[in-house]
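Take any residue in the sequence shown, count from 1 to its spot, add 12: that is its number in our numbering.
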Amino acid sequence: MSYQATVLQVMIASPNDVRSKRKLAQEIILEWNAINSFQKKIILMPTTWETHSAPLMGDRPQAIINEQVLKNCDLLIGIFWTRIGTPTGESVSGTVEEIQEHISAGKPVMLYFSTAPAHLETVDQDQYERLKQFKETCLNKGLIETYADLAEFVKNSSDNLQ
């Protein structure tokens with residue numbers, strides 16, 4: 013049966029070291045829709061730069077993503093583990109720039125930081141140090157969520173979407 017619903021676009025932002033968590037966040041959002049959308053008359057549309065941007069020249073890549081994708085999103089979910097991401101020329105990373113832009117627009121941001129162990133030889137220490145600095149600034153600006161493993165990420169993010 014068809015029904016009228018409000019569609020809210022949810023930007024899922026993260027560096028590449030948590031690509032699998034970004035995919036999992038999409039699945040969590042789709043599960044939320046299956047359980048809640050009919051009753052609440054809200055559909056959450058998982059959105060990423062990979063799925064919602066198109067090739068375009070004429071500006072910084074992150075500026076194009078911000079214009080094509082981010083500005084239309086209603087909520088941003090940011091996920092981190094050991095990397096801050098790639099600098100954009102305007103910010104320490106694309107993910108951080110997306111978070112800053114979203115907050116500046118007065119839109120909600122939910123941040124998740126993994127506490128899972130990592131093999132030291134696979135961790136870029138500069139990336140990790142910049143991530144720790146960013147996390148410290150976030151702790152002074154609001155509430156963040158941490159997760160130790162996949163099950164905790166699923167539980168926390170599902171609960172928080174409710």
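A virtual CB, placed ideally from N, CA and C, is assigned to each residue, including glycine. Just so it is clear, the structure is predicted and the values come from calculations on it, not from any experiment.
Is it buried or exposed for residue 91, if we count other Cβ within 10 angstroms and need 16 for buried?
Walking along the sequence shown from the start, residue 91 turns up at place 79. By the C-beta density criterion, residue 91 is buried, having at least 16 other C-beta atoms within 10 angstroms.
Going by the beta-carbon positions, is the gap between residue 63 and residue 22 smaller than 8 Å?
Your numbering for residue 63 matches position 51 in the sequence shown. Your numbering for residue 22 matches position 10 in the sequence shown. No. Outside cutoff.
So, is residue 136 buried or exposed, given that buried needs 16 or more other C-beta atoms within 10 angstroms?
Residue mapping note: residue 136 aligns to position 124 of the sequence shown, counting from 1. Looking at its Cβ environment, which holds fewer than 16 other Cβ atoms inside 10 Å, residue 136 is exposed.
Spatial neighbours of residue 154 within its chain, please: C-beta separation below 7 Å, excluding the five flanking residues on both sides.
By 1-based counting over the sequence shown, the position of residue 154 is 142. Close CB contacts of residue 154 within its chain, under the 7 Å cut and outside five residues either way in sequence, are absent.
Evaluate the contact criterion for the segment 93-107 versus the segment 140-150: three or more CB pairs, one atom per stretch, below 8 Å.
Touching, yes, given that three or more Cβ pairs across the two stretches are closer than 8 Å.
Below 8 Å, how does it come out for the segment 27-37 and the segment 76-94: are there three or more Cβ pairs, yes or no?
Counting Cβ pairs under 8 Å, three or more are found: they touch.
Hey, residue 37 and residue 89: beta-carbon distance below 8 Å or not?
For the purposes of this step, residue 37 is taken as residue 25 along the sequence shown, with counting starting at 1. For the purposes of this step, residue 89 is taken as residue 77 along the sequence shown, with counting starting at 1. Yes, the pair counts as a contact, with Cβ atoms nearer than the cut-off.
Among 35, 42 and 132, which one has its Cα closest to the Cα of residue 55?
Within the sequence shown, residue 55 is the residue found at index 43, counting from 1. With distances taken between CA atoms, residue 55 lies nearest to 42 out of 35, 42 and 132.
Just grab the DSSP bridge partners of residue 21 for me.
Numbered from 1 along the sequence shown, position 9 holds the residue referred to as residue 21. DSSP lists 57 as partners of residue 21.
Determine the DSSP secondary structure at residue 68, reduced to helix, strand or coil.
Residue 68 sits at position 56 when you count from the first residue of the sequence shown. Looking at residue 68 - three-state DSSP - the assignment turns out to be coil, as it is neither helix nor strand.
Measuring CB to CB, does residue 44 end up less than 8 Å from residue 126?
Residue numbering aside, residue 44 sits at position 32 when the sequence shown is read from its first letter. Residue numbering aside, residue 126 sits at position 114 when the sequence shown is read from its first letter. 8 Å or more divides the Cβ of residue 44 from the Cβ of residue 126.
Burial state of residue 172 (16 or more Cβ within 10 Å)
Taking the sequence shown and counting its residues from 1, the one referred to as residue 172 is at position 160. Flag for residue 172 reads exposed.
Starting from the C-beta of residue 99, find all residues in its chain whose C-beta is less than 8 Å away, skip the five residues before and the five after it, and write them out in chain order.
The count along the sequence shown starts at 1 and reaches residue 99 at position 87. Excluding residues within five positions, the ones whose Cβ falls inside 8 Å are 105.
Secondary structure of residue 77, DSSP reduced to three states:
Locating residue 77 in the sequence shown gives position 65, counting from the first residue. Of the three classes helix, strand and coil, the one that applies to residue 77 here is helix, per DSSP.
Out of 17, 25 and 129, which one is the CA nearest neighbour of residue 74?
Translated into the one-based positions of the sequence shown, residue 74 becomes position 62. Residue 25 is the option with its Cα nearest to residue 74.
Quick one, are the C-beta atoms of residue 156 and residue 132 less than 8 Å apart?
In the sequence shown, counting from the first residue as 1, residue 156 sits at position 144. In the sequence shown, counting from the first residue as 1, residue 132 sits at position 120. Residue 156 places its beta carbon 8 Å or farther from that of residue 132.
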